[in-house]
Amino acid sequence: MFDANYYYLNYTDVQKAGTNPLLHFIRYGWREGRNPSKSFDTNFYLSQNSDVRDAGINPLLHYIRCGKREQRAICSDQGGVRRSFGPPRLQMSHNEDHVQQLTPEESSVINLLKKVNFFDPAWYLAQNEEVQSSGADPWLHFVRYGINENRQPNPFFDPVWYLNFNKDVRNAGHNPLLHYLRHGVNEGRKAYNTASISILAVEHCTNRCQHCSTCSPFANKISYPASAFFPWLDMLENVLVPFEYIAITGGEPFLHHDIGALVHDLRERYPSKVIGISTNFFWANENMIRMYAPMIRQLNGLLISLYPNLVNKLGSLDRFDKLVNLVRKLCPEIAVEVRSQSHFLSWELHMDKREVKDTCGTSDCYVLRSDGKISHCSIGVGLENRPEYQPVVNTSKERLFDLSKGIEGFKSWCLKYPFDLCFHCTMWRKISVPWSENRG
Ligand code: SF4
Ligand code: SF4
Numbered sequence: 028m029f030d031a032n033y034y035y036l037n038y039t040d041v042q043k044a045g046t047n048p049l050l051h052f053i054r055y056g057w058r059e060g061r062n063p064s065k066s067f068d069t070n071f072y073l074s075q076n077s078d079v080r081d082a083g084i085n086p087l088l089h090y091i092r093c094g095k096r097e098q099r100a101i102c103s104d105q106g107g108v109r110r111s112f113g114p115p116r117l118q119m120s121h122n123e124d125h126v127q128q129l130t131p132e133e134s135s136v137i138n139l140l141k142k143v144n145f146f147d148p149a150w151y152l153a154q155n156e157e158v159q160s161s162g163a164d165p166w167l168h169f170v171r172y173g174i175n176e177n178r179q180p181n182p183f184f185d186p187v188w189y190l191n192f193n194k195d196v197r198n199a200g201h202n203p204l205l206h207y208l209r210h211g212v213n214e215g216r217k218a219y220n221t222a223s224i225s226i227l228a229v230e231h232c233t234n235r236c237q238h239c240s241t242c243s244p245f246a247n248k249i250s251y252p253a254s255a256f257f258p259w260l261d262m263l264e265n266v267l268v269p270f271e272y273i274a275i276t277g278g279e280p281f282l283h284h285d286i287g288a289l290v291h292d293l294r295e296r297y298p299s300k301v302i303g304i305s306t307n308f309f310w311a312n313e314n315m316i317r318m319y320a321p322m323i324r325q326l327n328g329l330l331i332s333l334y335p336n337l338v339n340k341l342g343s344l345d346r347f348d349k350l351v352n353l354v355r356k357l358c359p360e361i362a363v364e365v366r367s368q369s370h371f372l373s374w375e376l377h378m379d380k381r382e383v384k385d386t387c388g389t390s391d392c393y394v395l396r397s398d399g400k401i402s403h404c405s406i407g408v409g410l411e412n413r414p415e416y417q418p419v420v421n422t423s424k425e426r427l428f429d430l431s432k433g434i435e436g437f438k439s440w441c442l443k444y445p446f447d448l449c450f451h452c453t454m455w456r457k458i459s460v461p462w463s464e465n466r467g
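Below is the structure:
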């Protein structure tokens, strides 16, 4: 699938630099839209497979690992439209006929999932639009492909989360779902990332991403101490919603005036919680990483976003990787995850009310503010910073729940979707666009 001669002949800059063509493709080439061979069209593959593009996965590696088996097209000569997953026999309705075409292992997994009611086919289709549009049977797709791709079988079990917090399972190379169902459940391991509460620790960000859902680039820089969140976190913990994960978010958390104290105080108050930070990594260089390492070691996880403009600032992806590896080396006990932000979901608010025709992936991303107001989704939390949206924001009564007025009605508020703001919002359409800078 990779043709070094083709690569050298077509990309003479790589040849002139004397760079290994395969390494160049893996590190940079695919992101720059270069093709690994005459027969594989990188841009075509990404344009036809939004799941691959949005996940920031190298398209050739995806094709070798999954796409080939799923008969995905690799260039427009193959018809110009991505083929359905799997052969035609996958395109059957949800009935028991498929059992005859399953391998013994696939049958055994389906039986296991049915026995403990662990697979939600309707939810699976709703979350995986390409599976739905291919007409594939969700059970068959899941046991044949989804399970190996760590797709979620239901809203509650997150295989990636399970691997991150069960390092023995990850290190042994076990499949997280099968491990949980066959062993983890009897060993008392947690299946669910039950509730994750993000705290809005800093309202500001300097990255200015177009479609930033927290509207942080427009906010004045204010940061809050951990104690400002204690009353509300205690209320959620003790009264109604036991949560497991505290995500320190913003804006950009590393702009906090004292992030060391914030993390220390949260850790002291909630010693058994999983605490993580998501960062845009713009602060990173060797000295800063060494300085922050003791604080980072108090966390359980660090989620590093990979923005195209950060790679430009650092000079190369290689340098970004080196800095991430330094964090991993200095903080070996924590889960350091990199997430590509090459694409964003676009959104805007319209004044008129329109029908909501789909689920919204962010509708249960609760963000807690220091004043006790909690939002359904990150969009709900920062709209005050966008004056142009105030007329529509003013009509919303369900965007925020005010914990300072008590907890009554909170659970039903949590479960409500769509809520009033969704009828004015386009985020649920899940339109992915390349990252760009907000110049407004
Ligand atoms: S880095 Fe995150 S918080 Fe900052 S502007 Fe971009 S999306 Fe918003
Ligand atoms: S559609 Fe609703 S849940 Fe989704 S981002 Fe918009 S307001 Fe939030």
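All residue numbers for the sequence shown refer to this note's numbering, where the first residue is 28 and numbers rise by one.
We treat Cβ as the ideally placed atom computed from N, Cα and C, and that holds for glycine.
Given residue i, which residues of its chain have a CB within under 6 Å of its CB, disregarding the five upstream and five downstream residues?
| i | result |
| --- | --- |
| residue 198 | none |
| residue 440 | 428 |
| residue 406 | 240 |
| residue 60 | 69, 70 |
| residue 237 | 463, 465 |
| residue 455 | 383, 385, 387 |
| residue 33 | 64, 65 |
| residue 431 | 399 |
| residue 284 | 250 |
| residue 378 | 419 |
| residue 445 | 383 |
| residue 300 | 273 |
So residue i and residue j are supposed to be a Cβ contact under 8 Å. How far apart are they, rounded?
| i | j | result |
| --- | --- | --- |
| residue 254 | residue 389 | Rounded, the Cβ-Cβ distance is 28 Å, inconsistent with contact. |
| residue 63 | residue 87 | 5 Å |
| residue 256 | residue 395 | 6 Å |
| residue 184 | residue 205 | No, residue 184 and residue 205 are not in contact; Cβ-Cβ is about 12 Å, not under 8 Å. |
| residue 353 | residue 316 | 5 Å |
| residue 302 | residue 273 | 5 Å |
| residue 416 | residue 376 | 5 Å |
| residue 351 | residue 282 | That pair is no contact at about 20 Å. |
| residue 252 | residue 288 | 7 Å |
| residue 225 | residue 276 | 4 Å |
| residue 423 | residue 442 | Wrong, their Cβ atoms sit about 17 Å apart, outside the cutoff. |
| residue 181 | residue 146 | 7 Å |
Give the DSSP-derived three-state secondary structure of residue i in the structure shown.
| i | result |
| --- | --- |
| residue 473 | Given a span of 28 to 467 for the chain in the structure shown, any question on residue 473 remains unanswerable. |
| residue 405 | helix |
| residue 490 | Residue 490 is absent from the structure shown; the chain starts at 28 and stops at 467. |
| residue 102 | coil |
| residue 129 | coil |
| residue 463 | coil |
| residue 145 | coil |
| residue 267 | With a pLDDT of 48 at residue 267, under the threshold of 50, the modelled position of this residue cannot be trusted; read the value that follows with caution. Residue 267: helix per DSSP, three-state reduction. |
| residue 236 | strand |
| residue 254 | helix |
| residue 169 | helix |
| residue 445 | coil |
| residue 60 | coil |
| residue 29 | coil |
| residue 388 | coil |
| residue 93 | helix |
| residue 311 | coil |
| residue 212 | coil |
| residue 297 | coil |
For residue i, which beta-bridge partners are listed by DSSP?
| i | result |
| --- | --- |
| residue 452 | 376 |
| residue 429 | 400 |
| residue 276 | 227 |
| residue 157 | Beta-bridge pairing links residue 157 to no other residue. |
| residue 351 | According to DSSP, which records beta bridges pairwise, residue 351 is partnered with nothing at all. |
| residue 176 | In DSSP, residue 176 forms no bridge with anything. |
| residue 329 | 304, 363 |
| residue 370 | 461 |
| residue 394 | 225, 402 |
By Cβ distance below 8 Å, which residues in the same chain neighbour residue i in space, the five residues on each side in sequence not counted?
| i | result |
| --- | --- |
| residue 366 | 83, 330, 331, 332, 333 |
| residue 190 | 177, 196, 197, 203 |
| residue 450 | 380, 381, 382, 383 |
Between residue i and chain B, is the shortest Cβ-Cβ distance under 9 Å, so that the two count as touching?
| i | result |
| --- | --- |
| residue 373 | Any reference to chain B falls outside this structure, which holds one protein chain only. |
What residues in its chain sit with their C-beta under 7 Å from that of residue i, if we drop five residues either side in the sequence?
| i | result |
| --- | --- |
| residue 57 | 69, 85, 86, 87 |
| residue 187 | 177 |
| residue 326 | 290, 302, 303, 304, 361 |
| residue 320 | 357, 358 |
| residue 482 | This structure leaves residue 482 out entirely; the chain is present only between 28 and 467. |
| residue 412 | 242, 245, 246 |
| residue 452 | 374, 376, 406 |
| residue 73 | 79, 80, 86 |
| residue 152 | 158, 159, 165 |
| residue 262 | 430, 434 |
| residue 213 | none |
- Task: For ligand 1, enumerate in chain order all residues having a CB closer than 6 Å to any of its heavy atoms.
- Result: 232, 234, 235, 236, 239, 241, 243, 244, 277, 278, 279, 307
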